[in-house]
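Shown next, in structure tokens, is the structure this report addresses.
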Amino acid sequence: ERKPRSWEKDAEEAESVSEKSAAFLALQRDLEERDAVKRSKISAAGSSTDPQPSIGIERSDQKPTRTHVYFDIEACPKTSRVAMRGERVGRIEIELFNDSVPKTCENFRSLCSEKRTALSYERNVFHRIVSGFMAQGGDITREDGTGGMSIYGETFEDESLLGRHDAAGKLSMANSGRHTNNSQFFILFKPTPWLDGKHVVFGQVTSGMHVVRRMEAAGSKQGEPKEHIIIAACGEIQQSSGERKRPHEQSGHDRGYQRDKRRSGSDRTENGHRGYRR
32 ERKPRSWEKD AEEAESVSEK SAAFLALQRD LEERDAVKRS KISAAGSSTD PQPSIGIERS
92 DQKPTRTHVY FDIEACPKTS RVAMRGERVG RIEIELFNDS VPKTCENFRS LCSEKRTALS
152 YERNVFHRIV SGFMAQGGDI TREDGTGGMS IYGETFEDES LLGRHDAAGK LSMANSGRHT
212 NNSQFFILFK PTPWLDGKHV VFGQVTSGMH VVRRMEAAGS KQGEPKEHII IAACGEIQQS
272 SGERKRPHEQ SGHDRGYQRD KRRSGSDRTE NGHRGYRR
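Read in order, the letters of the sequence shown are residues 32 to 309 in my numbering.
Written out as structure tokens, the structure is:
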């Protein structure tokens with residue numbers, strides 16, 4: 032019996048593959064038809080008056096609501112103690128990117144919300160302000176750039192380094208290398224793309240950039256502030272029924288700040304190392 036040639040074997044295999052391909056396409060068409068029927072049923076269920084989703088249907092298009100926090104900023108001469116009250120500069124409101132870096136944002140939110148505890152930004156000073164670059168603060172243990180503490184312990188890991196340092200008002204975590212985040216952070220005065228991939232970007236100033244500019248005016252090229260820039264008060268901005276409210280347990284200082292703000296009609300805007308990498 033003659034052995035089949037190699038090209039004949041190839042032809043037989045091609046014919047077999049063709050038959051299998053035809054069967055596969057038929058199966059694929061059948062599955063697509065079934066899937067179309069299933070999607071039609073799901074769509075009908077979603078448009079019904081029943082407010083509860085059908086069992087087994089997952090809705091993955093819902094993103095977590097972004098958290099908002101605030102800093103009330105004061106400035107006082109360097110001859111004064113940080114604990115003393117200074118000139119009220121204004122309020123900075125910050126949107127946190129908790130939909131992309133939730134652990135980092137929860138650390139920051141908690142440090143903003145805690146009152147009169149060791150783990151709080153209240154009465155913390157911006158120890159490093161570089162004009163034309165950034166203001167760095169959050170060293171809640173030493174206030175000189177060598178300390179800091181997170182709510183998770185001494186340090187915690189980088190969540191994502193995909194955030195971009197592409198605008199003034201962006202907030203990013205200070206660090207001394209990979210996975211060394213604590214409580215220290217910085218606010219940008221301008222885009223700094225060379226920091227992309229090195230620091231975790233977690234927020235953006237949404238209101239009060241005039242306050243940020245006043246902070247910049249207190250800085251220097253070397254980073255040594257000309258005056259104390261202090262977080263006089265801070266907290267989470269509660270959002271309810273579409274209206275932003277601040278139902279915090281305000282101290283007398285906080286209430287006084289709001290009173291003075293109402294009297295003046297506006298914030299005062301005139302007159303003004305663990306680093307971005309330690």
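Glycine is no exception: its CB is placed at the ideal position from the N, C-alpha and C atoms.
CA-to-CA distance, residue j to residue i, given in whole angstroms
i      : j      : result
Ile171 : Arg65  : 60 Å
Lys257 : Lys94  : 42 Å
Ile104 : Arg122 : 6 Å
Val231 : Glu118 : 32 Å
Ala198 : Ser207 : 23 Å
Asp175 : Gln269 : 31 Å
Phe102 : Val120 : 11 Å
Leu62  : Val68  : 10 Å
Gly168 : Thr135 : 16 Å
Val242 : Ile218 : 12 Å
Lys276 : Leu226 : Residue placement at Lys276 cannot be trusted, given a pLDDT of 42 that sits under 50; the coordinates are not used to answer.
Val185 : Lys229 : Rather than Val, the amino acid found at residue 185 in this sequence is Glu. The straight-line gap from Cα to Cα measures roughly 19 Å.
Ala248 : Ala166 : 10 Å
Phe164 : Arg209 : 22 Å
Gly178 : Asn212 : 11 Å
Arg112 : Asn155 : 12 Å
Glu280 : Arg116 : Legend: pLDDT at Glu280 = 37, less than 50; position of this residue unreliable, value from coordinates given subsequently. Computed Cα separation, rounded: 19 Å.
Which of helix, strand or coil DSSP assigns to residue i
i      : result
Asn138 : helix
Gln59  : helix
Met180 : coil
Glu124 : strand
Ala198 : coil
Ser251 : strand
Pro256 : coil
Val156 : strand
Pro95  : coil
Ala149 : coil
Pro222 : coil
Val231 : coil
Arg65  : helix
Ser203 : strand
Ala106 : strand
Check whether residue i and residue j have beta carbons under 7 Å apart
i      : j      : result
Phe220 : Ala205 : no
Met180 : Ser144 : no
Gly234 : Leu127 : yes
Val100 : Glu255 : no
Tyr183 : Cys265 : no
Met246 : Ile262 : no
Gly239 : Glu137 : no
His196 : Thr237 : no
Arg140 : Thr98  : yes
Extent of the continuous beta strand (DSSP E) to which residue i belongs
i      : result
Ala166 : Met165 to Gly168
Glu247 : Run containing Glu247: none in the beta strand (DSSP E); it sits in the alpha helix (DSSP H), Met240 to Ala248.
Asp227 : Taken as a continuous stretch (DSSP letters only), Asp227 belongs to no beta strand (DSSP E), as it is neither H nor E.
Neighbour flag for residue i against chain C, beta carbons, 7 Å
i      : result
Met165 : Given the protein chain composition of this structure (a single chain), no chain C is represented.
> So, do the stretch 159 to 166 and the stretch 95 to 113 have three or more beta carbon pairs nearer to each other than 8 Å?
Replying inline: no
>> Across the stretch 130 to 140 and the stretch 185 to 195, are there enough close Cβ pairs to call them in contact, namely three or more that are closer than 8 Å?
In response: yes
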